[in-house]
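Peer 1:
Number of protein chains: 2
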Amino acid sequence: MEKAYVLGVDIGGQTAKCGIVNARGEVLAQSILVSNTHTEAASFVNALASTLKKLMSDAGLEGQVGGIGVGAPNGNYYTGEIKDAPNVTWARSKDVPFAKMLSEAMDGMPVALTNDANAAAVGEMTYGAAKGIKDFIMITLGTGVGSGIVIGGNVLYGHDGFAGELGHTCAVRGGRTCGCGKQGCLEAYCSAIGVARTAVEWLEQHPEESSLLRLRENITSKDVFEAAKAGDKAAKEIFDFTGNLLGRSFADFIAFSAPEAIVLFGGLARAKEFLYEPIVKSMNENVLAIWKDKVKVLFSSLSESDAAILGASALAWNL
Amino acid sequence: MEKAYVLGVDIGGQTAKCGIVNARGEVLAQSILVSNTHTEAASFVNALASTLKKLMSDAGLEGQVGGIGVGAPNGNYYTGEIKDAPNVTWARSKDVPFAKMLSEAMDGMPVALTNDANAAAVGEMTYGAAKGIKDFIMITLGTGVGSGIVIGGNVLYGHDGFAGELGHTCAVRGGRTCGCGKQGCLEAYCSAIGVARTAVEWLEQHPEESSLLRLRENITSKDVFEAAKAGDKAAKEIFDFTGNLLGRSFADFIAFSAPEAIVLFGGLARAKEFLYEPIVKSMNENVLAIWKDKVKVLFSSLSESDAAILGASALAWNL
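Protein chains in written order, with the working numbering: chain A, 1 to 319; chain B, 1001 to 1319.
Next comes the structure, spelled out in structure tokens:
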């Protein structure tokens, strides 16, 4: 590709973050678009295309952008489809030929699509906490729990392009029903929504204990984080529980790919001060002796929107 | 390497199988050596070296063998060490610099070492059920439960060379103590020893039910297999239980690397007629919708000793 700029798009359950990136990996301009108000993919794609066009024209870079890299839940690198993404209103229970649709709406500009967590992993490896690390597992703790697995410096796509769905490995046998329909998935416990569910359960199970969280009507993971910062015991126990489940799942992930590090990213990863210790303790208690105290747990050092946009944009340089 | 032959050695908990292999992948001669009577690595290495030398001289191929490929539990491809292998009497709780020791005992012949399950995976990919499959997971059901993960046609070694210890992922939280010291490992339930433990537990828990297994003093997995073939209800339930645990673990493995197939190998895989259905049922019940009824479960089509020897020998061609 000879153009000097690419577009990076990170699609989440709530919003899509877009940016123009130069060859040095700088996000020159960015824009946020609401995603969850759309129920039809075509409507979202049109809104996204007009946002991207405005971004280019505002920056005076029309004609200088060579391609678009997109990270999205259940995005398939091989086929360009978003396949039944339960957390995305316009891609729930359907397969959306997203790369093709966006390319058409962008007058034929080439589009590369991958899983949002894979995109974040590429961003983190190129610019962030995983710089110089060739073997790591990126875990994104957002609306859902995603993962991007990097082996020898390459993202693992697997036979069908869907490798790295660690949010849907079983954390608790016979546990909570997950958005995917299965029971006990890591995502049902350790996503933002999962932490909020834990909080509601905790309050029900401990009627005698006081907590700042009792003052909230619809508890979010952010409420739990703020309560923990204010010293709330219940909130801290909720993070201990969450960290413990993450750590013991990480122990099993390590037995698979023997990574140098596990990198945490996403909204919930901001609660590092409450998650780090229970994660590391539980991971080392559950891992095979050869890996005890050897695998790093890192938290993303990039701003969330930057990492995701940069990671997605990195795909576009190869178009 | 210019020599026309290589040696392949497959080390298990009970025995070591050795063979001379030609460039067409034919095992020209083989020999079996007892492994579990040795408590010192040096003593085993000497016995192995003399067996290998005899194998070469009996075949009249002295001077025409270019190297030795070895598959062993906890064998590390990067370092040439066997690291604390609980099922190997002479490598329990210690790190054995095996490749170096064997090379010295073989007058400097080059030695490449890997995990026994990785070696079996290479054998199966080159000559067996996984021929032409680039992304698969090999599960060895032997004295222990091992695994070899193949991604894009290459064995996954990970950051430290120990990737693919799926036998020590957690199958049952807080479950049986495994030989590795952890609780609830897949190996504690689905190895030959694990199946025998299940049988003992089953008989204790169902004192009212008759079973051919009650006639046995020290029940082995082979006894369970034979009882199942004779129509014993208890034995069939034990295999259902084992297959169910395997299948739900496989569902989580699929979420990691999205393989085309899972290939089963080893002594217990002979019980295909009793394991296949419960494995496939439980795997498809526990896997994310995108993989339901899509991932093949294959049983090794090679004779056990051949696959392991061939896989190990394949390493030696690159020496």
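Positions of the beta carbon are idealized from the N, C-alpha and C atoms, including for glycine.
#1: Which chain B residues sit within Cβ distance under 8 Å of A/C278?
#2: For chain B, check one thing: does any of its Cβ atoms lie closer than 8 Å to the Cβ of A/N286?
#3: Can you list, in chain order, the residues of its chain with a C-beta nearer than 8 Å to that of A/A105? Leave out the 5 residues immediately preceding and following it.
#4: Looking at chain A, is there any beta carbon in it that lies within less than 8 Å of the beta carbon of B/R1270?
#5: From B/A1016 to B/D1084, what distance separates their C-alpha atoms?
#6: Along chain A, in chain order, which residues have C-beta atoms closer than 7 Å to that of B/P1259?
#7: If you count every other CB in all the chains shown that lies within 10 Å of the CB of A/K292, and 16 or more means buried, which is it?
#8: Please classify B/T1039 as buried or exposed, where buried requires at least 16 neighbouring CB atoms within 10 angstroms.
#9: Given this structure, state the Cα-to-Cα distance separating B/G1247 from A/G63, to the nearest angstrom.
#10: Which residues mark the beginning and the end of the alpha helix (DSSP H) in which B/V1200 is found?
#11: Measuring only between beta-carbons, confirm whether B/I1290 sits less than 8 Å from chain A.
#12: For the region 125-141 of chain A, enumerate the residues whose C-beta is nearer than 7 Å to any C-beta of chain B, in chain order.
#13: Identify which residue in A/V145, A/T143, A/G153, A/A163 has its Cα closest to the Cα of A/F136.
#14: Just list the beta strand (DSSP E) runs in the region 227-268 of chain A, keeping only unbroken ones of 3 residues or longer that don't cross its boundaries, in chain order.
#15: Three or more C-beta pairs closer than 8 Å, one from the region 65-80 of chain A and one from the region 97-104 of chain A: is that the case here?
#16: Please list the terminal residues of the continuous beta strand (DSSP E) segment that includes B/N1022.
#17: Could you work out which residues of chain A lie near B/G1181, taking near to mean beta carbons separated by less than 8 Å?
#18: Tell me which residue opens and which closes the beta strand (DSSP E) that B/I1032 is part of.
#19: Once the 5 residues before and after A/N218 are set aside, which same chain residues still bring their CB inside 7 Å of it?
#20: Counting only the same chain and skipping the five closest in sequence on each side, list residues whose C-beta sits under 7 Å from that of A/V34.
#21: Could you tell me which chain A residues have their CB closer than 9 Å to the CB of B/R1321, listed as they occur along the chain?
#22: Which of the three DSSP states, helix, strand or coil, is assigned to A/Y5?
#23: Quick one: Cα of A/K294 to Cα of A/Q205, how far?
#24: In whole angstroms, what separates the C-alpha of A/D116 from that of A/A269?
#25: DSSP beta-bridge partners for A/N115?
#26: For A/G167, does the three-state DSSP call read helix, strand or coil?
#27: In three-state terms, what does DSSP make of A/S147?
#28: If I follow the unbroken beta strand (DSSP E) through A/M138, where does it start and stop?
#29: I believe A/V21 touches A/V6 by the beta-carbon criterion, under 8 Å. Please report the beta-carbon distance rounded to the nearest angstrom.
#30: Give the residues of chain B in contact with A/E165, contact being defined as C-beta atoms less than 7 Å apart.
#31: What residues in its chain sit with their C-beta under 6 Å from that of A/A188, if we drop five residues either side in the sequence?
#32: Kindly provide the ranges of any alpha helix (DSSP H) runs that are 4 or more residues long and lie completely inside the region 266-294 of chain A, ordered along the chain.
#33: With respect to 7 Å, is the separation between the Cβ of A/A99 and the closest non-hydrogen atom of the ligand COA below this value?
#34: Leaving out five residues on either side along the sequence, give the residues of the same chain with a beta carbon under 7 Å from the beta carbon of A/G128.
#35: Give the residues of chain B in contact with A/D252, contact being defined as C-beta atoms less than 7 Å apart.
#36: Alpha helix (DSSP H) containing A/V45: first to last residue?
Peer 2: Working from what's here:
#1: Here residue 278 of chain A is Pro; the residue named in the question, Cys, does not match the sequence. Under the 8 Å cutoff, chain B gives no residues; its nearest Cβ is about 16 Å from A/P278.
#2: So, interface residue.
#3: In the same chain as A/A105, and ignoring 5 residues on each side of it, the C-beta atoms closer than 8 Å to its own belong to V45, N46, L48, A49, in chain order.
#4: No - not a single Cβ of chain A is within 8 Å of the one on B/R1270.
#5: Answer to the nearest angstrom: the Cα atoms are 17 Å apart.
#6: The contacting residues are G158, H159.
#7: Per the 10 Å Cβ criterion, exposed.
#8: By the Cβ neighbour-count rule, B/T1039 is exposed, with fewer than 16 other Cβ atoms within 10 Å of its own.
#9: Just so you know, the alpha carbons of B/G1247 and A/G63 end up roughly 52 Å apart.
#10: Run containing B/V1200: 1192-1205, per the alpha helix (DSSP H) assignment.
#11: True, the Cβ-Cβ gap to chain A drops below 8 Å.
#12: Listed in sequence order: D135.
#13: For A/F136, the nearest C-alpha among the options comes from A/G153.
#14: If we require 3 residues or more, the beta strand (DSSP E) runs fully inside the region 227-268 of chain A come out as 261-265.
#15: Per the Cβ contact rule, the region 65-80 of chain A is in contact with the region 97-104 of chain A (3 or more Cβ pairs under 8 Å).
#16: Here the beta strand (DSSP E) through B/N1022 covers 1015-1022.
#17: Taking a Cβ-Cβ cut-off of 8 Å, the neighbours of B/G1181 in chain A comprise A289, given in sequence order.
#18: 1027-1034 is the extent of the beta strand (DSSP E) around B/I1032.
#19: Around A/N218: no qualifying Cβ.
#20: The beta carbon of A/V34 sits closer than 7 Å to the beta carbons of T15 from its chain, once the five residues preceding and following it are set aside; these are given in chain order.
#21: Outside the displayed range of chain B (1001 to 1319) lies residue 1321 of chain B, so it cannot be described from this structure.
#22: Of the three classes helix, strand and coil, the one that applies to A/Y5 here is strand, per DSSP.
#23: In a straight line, the C-alpha of A/K294 is about 36 Å away from that of A/Q205.
#24: Straight-line measurement puts the Cα of A/A269 at about 16 Å from the Cα of A/D116.
#25: A/N115 is bridged by DSSP to A/A72.
#26: Look at A/G167 here: in three-state DSSP terms it is helix.
#27: In the structure shown, the three-state DSSP call for A/S147 is strand.
#28: It spans 136-141 - the beta strand (DSSP E) in which A/M138 sits, taken as one unbroken run.
#29: So it is a contact: roughly 5 Å between Cβ atoms.
#30: Those are A1255, L1288, listed as they occur along chain B.
#31: R176, C178, G194.
#32: Inside the region 266-294 of chain A, DSSP marks whole alpha helix (DSSP H) runs of 4 or more residues at positions 272-286, from first to last along the chain.
#33: Questions concerning the ligand COA fall outside what the structure shown contains, since it holds no ligand whatsoever.
#34: Its chain contains S300, S301, L302, A307 as the residues whose beta carbon lies nearer than 7 Å to that of A/G128, once the 5 sequence neighbours on both sides are disregarded; these appear in chain order.
#35: Within 7 Å Cβ-Cβ: T1169, C1170.
#36: Residues 41-58.
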